[in-house]
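Chains as they are written, first to last, in the numbering used here: chain D, 79 to 385; chain Y, 46 to 311; chain H, 727 to 1093.
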């Protein structure tokens, strides 16, 4: 757990209070119209566009001294940009950070939803590179806004149709579009489609920030979120033939790790906190010893590395 | 029981009414003061040379361009609605469901990087069809109807000849079974032999489906084969109109006489 | 063996130290000062102020020093700093007609009231190295003062044409509403002129230059004349609500360019010249000229012109001219994408497997 003092040269949460109010107003509107993209006056942040400035602004507008923040990228707390964003908030807010999913009141994420189900009262903040699910079909913003306004979503299904005709199944593995509250087609951000079902009826509040594109959208708790599909080709998620090499989990999203130059590889949980938690509880994967030898995980399992 | 047994063809109300339709581009006249009515199942031809205003008129009728003045009424659920006085979403919806446009260049009416099946199926998905198998079967049926071999269903229009692209466009327009179809030089740019086959196909489809159509063409042979009634345009004005055979066999206006003689000479 | 999974806080901190070391370069060479950059690299400072949307020469110079002269990175620092500043209000519109002129030229008139003032320009230099600069040859060339001062009145060229009714008038929108503020509100389309001008003024100089060039070469169909380019100092004043009168805040250097373009007229409007407007902080002529050409090309919609070229399409231009946003998004490709890549990898393997099976079945059936 990182503990840093709030740097007094900066506002609490970096943004001034007026800006936070503006973002909160946009968030309220987004929650009121689930899946609708609300334009907002996205500010320049000290991190680059495309590196999570939308999520950072939402977190900055929400965070208070009592909060506990978790930041993940690709599901892991220790990836470079997650470390960088966590350090940023530690510096400009002094708020406690955590890697434990259930301890966090705000979880900022890029590309994953944690494996451990979230609870009421928790907020999941997604970083969004491209909020517009129709952009690949229609480059013009004027036109896509009309398509949303009038729910003209036929073209979206053409994409799915083409995949099935060509491959026998839908060949979209991430950013798989969803229908929110039976009204708006929404991009779930580049999470793997494995995570899509977690969005449906989730007890936690889901907020989405696209800094460069200046859009905020939201899914309130317990909202219907359906991945687009056909009646005779229902939506399915990825599955793996083998369990996690470190913690033996069979229900998590696995990343492939190359272990040597000769094609050696293992599959491990992308959610590092989930994996550590399981190992702490005594679940041992087949290649944990190999991973320890490679320094990929800390030696002496049985204790979480926070402790 | 009397109402339900009334045949469509005897429908006393026009499906489309144009009232004094005028379109100007700056100081130039596109079309001037055009009025007519079109009944269900009827095919109206608009002929004239390029620049006569026939395509301008078609764009206004089809809801693409707003006329400078005048009114276009479309009968929707029994009531005439004024095309440019309804909200844009309603107009867009009508354009996708109740009428269709066959463009001269198939590229303007097709998604070139989507398969033939996807092109035809899109219209069904637009209206909410969500069963892949059924969508595919409908697409397959329509491809057969426009004489495209079933095994081409997953090919993209780019891999098709010009005539096939045009037939695919027609299938895409007709699949939602529209009540009114606009065609802009549907056989333009095709070889003569390909044209003849396409014309034959169009004639059969239009008659079988009982749809009303407005066809713009500079080709009087096309007009004679496909249309019931004809309007001759020159310089933005309608100079002559009447039953097709009548206009072509016994032209009254000097310009129409010139047009028909040019065909004879050719 | 290669395993690059862990980010590692220590590694990140080490990169910060490495950057500091690289920035300093050879320590036997004296360190450059912010004052030196501000005084001797003014044109770079101007560009950083423009693209950073903040007029502060000292911070512009600091940004350049801190980023090893990386102009986009420097503009980024300015923008991020700007976010933390509270807003007191907006200044009174500056009046470029009252500019203390240092340079003013017109390509449309040989002579005009106030005359042509060449001022400091590279236009007529020969682009030959001056090796005395390398040899630290301080020749401190003092410019000779003219024998008479400049005319007090320097009317702007479009105003002269406007008096004759030949120039498209700048009419404020109905009720003259408060202009859009790009630094506070998101751009929406179709975009008003205020939105377009603000976006262009912070847009990347290279991107705008390329677009302006495309217009001139024929991908835009406009032939512009440089009606006037002027550069100099203008006063900025502010009316605090509690006082109710103007207070002078000081002066800033601006470059203004007004392009004159042909227009054939429409049924409502007689033929007249149309305006392209460019304004930039500091001495930034290339920027102001490019902006003026694109301002005009983006008026295609208002003038009923077919918008068929990139420079006429406002979504294309306005969404892509911001270099801070653009570089962030392009460079974010350096971030890990292995979760998504894993999905693609699995899919590709699956499709290949299925294809292999299909081919085998077909072969079997054939045999």
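Note that the Cβ used here is the ideal one computed from N, Cα and C, for glycine as well.
Which residues in chain D sit within 9 Å of residue i, going by Cβ to Cβ distance?
i: residue 933 of chain H; result: Neighbours of residue 933 of chain H on chain D: none; closest Cβ ~15 Å, over 9 Å.
i: residue 1050 of chain H; result: 122, 126, 127
i: residue 148 of chain Y; result: None at all; the shortest Cβ gap to chain D is about 18 Å.
i: residue 137 of chain Y; result: 224, 228, 230
i: residue 830 of chain H; result: Those do not exist, as residue 830 of chain H stays about 34 Å from chain D at its closest Cβ, beyond 9 Å.
i: residue 1007 of chain H; result: Those do not exist, as residue 1007 of chain H stays about 17 Å from chain D at its closest Cβ, beyond 9 Å.
What are the residues that DSSP puts in a beta bridge with residue i?
i: residue 311 of chain D; result: D:308
i: residue 27 of chain D; result: Look at the range of chain D in this structure, 79 to 385, and you will see that residue 27 of chain D is not part of it.
i: residue 222 of chain D; result: Answer by DSSP bridge pairing: none, since residue 222 of chain D is not bridged.
i: residue 287 of chain Y; result: Y:275
i: residue 61 of chain Y; result: Y:83, Y:119
i: residue 262 of chain Y; result: Y:92
i: residue 69 of chain Y; result: Y:74
i: residue 987 of chain H; result: H:950, H:1000
i: residue 347 of chain D; result: D:332
i: residue 893 of chain H; result: H:999
i: residue 1007 of chain H; result: H:980
i: residue 957 of chain H; result: H:829, H:981
i: residue 89 of chain D; result: D:92
i: residue 288 of chain D; result: D:293
i: residue 282 of chain Y; result: Y:279
i: residue 146 of chain Y; result: Y:227
i: residue 963 of chain H; result: H:974
i: residue 303 of chain D; result: D:258
i: residue 252 of chain D; result: D:270
Just to make sure I have the definition right: I need the residues of chain D whose C-beta is within less than 7 Å of the C-beta of residue i. Which are they?
i: residue 805 of chain H; result: 122
i: residue 159 of chain Y; result: 236, 240
i: residue 911 of chain H; result: 119
i: residue 761 of chain H; result: Those within 7 Å of residue 761 of chain H in chain D number zero; the least Cβ separation is about 23 Å.
Using alpha carbons as the reference points, say which of the options lies closest to residue i.
i: residue 293 of chain Y; options: Y:265, Y:271, Y:282; result: Y:265
i: residue 124 of chain D; options: H:794, H:802, H:792, H:782; result: H:802
i: residue 150 of chain D; options: D:176, D:143, D:368, D:214; result: D:176
i: residue 108 of chain D; options: D:127, D:288, D:364; result: D:288
i: residue 248 of chain D; options: D:342, D:328, D:271, D:90; result: D:271
i: residue 303 of chain D; options: D:335, D:243, D:262; result: D:262
i: residue 1094 of chain H; options: H:953, H:915, H:849, H:928; result: In the structure as shown, chain H begins at 727 and stops at 1093. Residue 1094 of chain H is therefore absent and cannot be evaluated.
i: residue 291 of chain Y; options: Y:281, Y:305, Y:279; result: Y:305
i: residue 168 of chain D; options: D:190, D:153, D:178, D:145; result: D:145
i: residue 325 of chain D; options: D:362, D:345, D:369; result: D:362
Interface residues of chain H around residue i at Cβ under 8 Å?
i: residue 190 of chain D; result: 1065
i: residue 220 of chain D; result: 915, 916, 1041
Starting from the beta carbon of residue i, find every residue of chain H whose beta carbon is closer than 7 Å, and list them in chain order.
i: residue 153 of chain D; result: 1065
Could you name the residues of chain D that residue i contacts, counting a contact when the two beta carbons are closer than 8 Å?
i: residue 1077 of chain H; result: 245, 249
i: residue 1062 of chain H; result: 151, 152, 157, 158, 159
Against residue i, what residues of chain H qualify as contacts under a CB-to-CB distance less than 9 Å, listed in chain order?
i: residue 93 of chain D; result: 809, 810
What are the uninterrupted segments assigned as alpha helix (DSSP H) that are 4 or more residues long and contained completely in the stretch 99-134 of chain Y, given in chain order? Listed in chain order, they are 99-106.
At 4 residues or longer, what runs of the alpha helix (DSSP H) sit wholly inside the stretch 187-234 of chain Y? The stretch 187-234 of chain Y contains these whole alpha helix (DSSP H) runs: 207-219.
Residues within the stretch 309-335 of chain D neighbouring chain Y, beta-carbon criterion of under 8 Å: Residues 309, 310, 311.
If you measure beta-carbon to beta-carbon, which residues of the stretch 281-300 of chain D are closer than 7 Å to chain H? Within the stretch 281-300 of chain D, the residues whose Cβ lies closer than 7 Å to some Cβ of chain H are 290, 292, listed in chain order.
Could you please tell me which residues of the stretch 242-276 of chain D, in chain order, have their CB closer than 8 Å to any CB of chain Y? Hits within the stretch, in order: 242, 243, 244.
Contacting positions in the stretch 963-990 of chain H - beta carbon closer than 8 Å to chain D: Cβ contacts with chain D come from no residue of the stretch 963-990 of chain H.
If we require 4 or more residues per run, which alpha helix (DSSP H) segments fall completely within the stretch 256-284 of chain D? Runs of the alpha helix (DSSP H) inside the stretch 256-284 of chain D: 274-277.
Give, in chain order, every unbroken run of the alpha helix (DSSP H) that is at least 4 residues long and sits entirely within the stretch 789-845 of chain H. Counting only unbroken stretches of 4 or more residues, the alpha helix (DSSP H) elements lying wholly within the stretch 789-845 of chain H are 797-809, in sequence order.
Identify each residue in the stretch 1016-1050 of chain H for which the Cβ-Cβ distance to at least one residue of chain D is less than 7 Å, and report them in chain order. Of all residues in the stretch 1016-1050 of chain H, 1041, 1050 have a Cβ within less than 7 Å of some Cβ in chain D.
Continuous beta strand (DSSP E) assignments of at least 3 residues falling wholly in the stretch 113-182 of chain D: For the stretch 113-182 of chain D, the continuous beta strand (DSSP E) assignments of 3+ residues that do not extend past its boundaries occur at 146-151, in sequence order.
Below 7 Å between beta carbons is the criterion; list the residues of the stretch 764-792 of chain H that meet it against any residue of chain D, in chain order. For the stretch 764-792 of chain H, which is checked against every Cβ of chain D, not one residue is closer than 7 Å.
Could you tell me which whole beta strand (DSSP E) segments of length 3 or greater appear in the stretch 187-233 of chain D? Runs found: 201-205.
Listed from N- to C-terminal order along the chain, which residues in the stretch 159-178 of chain Y have their beta-carbon within a distance smaller than 9 Å of any beta-carbon of chain D? Those residues of the stretch 159-178 of chain Y that come within reach of chain D (Cβ to Cβ, closer than 9 Å) are 159, 160, 162, 163, 164, 166, 167, 168, 169, 170, 171, 172, 173, 174, 175, 176, 177, 178.
Members of the stretch 736-754 of chain H that neighbour chain D once the beta carbon cut-off is set at 7 Å: For chain D, the residues of the stretch 736-754 of chain H that bring a beta carbon within less than 7 Å of one of its beta carbons are 738, in chain order.
Taking a Cβ distance cut-off of 8 Å, strictly less, list which residues of the stretch 180-210 of chain Y are near chain D, in chain order. For the stretch 180-210 of chain Y, residues whose beta-carbon sits nearer than 8 Å to a beta-carbon of chain D comprise 180, 181, 198, 199.
Quick one: which residues of the stretch 796-822 of chain H get their C-beta closer than 9 Å to a C-beta of chain D? List them in chain order. Within the stretch 796-822 of chain H, the qualifying residues are 802, 803, 804, 805, 806, 807, 808, 809, 810, 811, 812, 813.
Using a Cβ cut-off of 8 Å, which residues of the stretch 283-300 of chain Y contact any Cβ in chain D, in chain order? So the list is empty, because no residue satisfies the distance condition.
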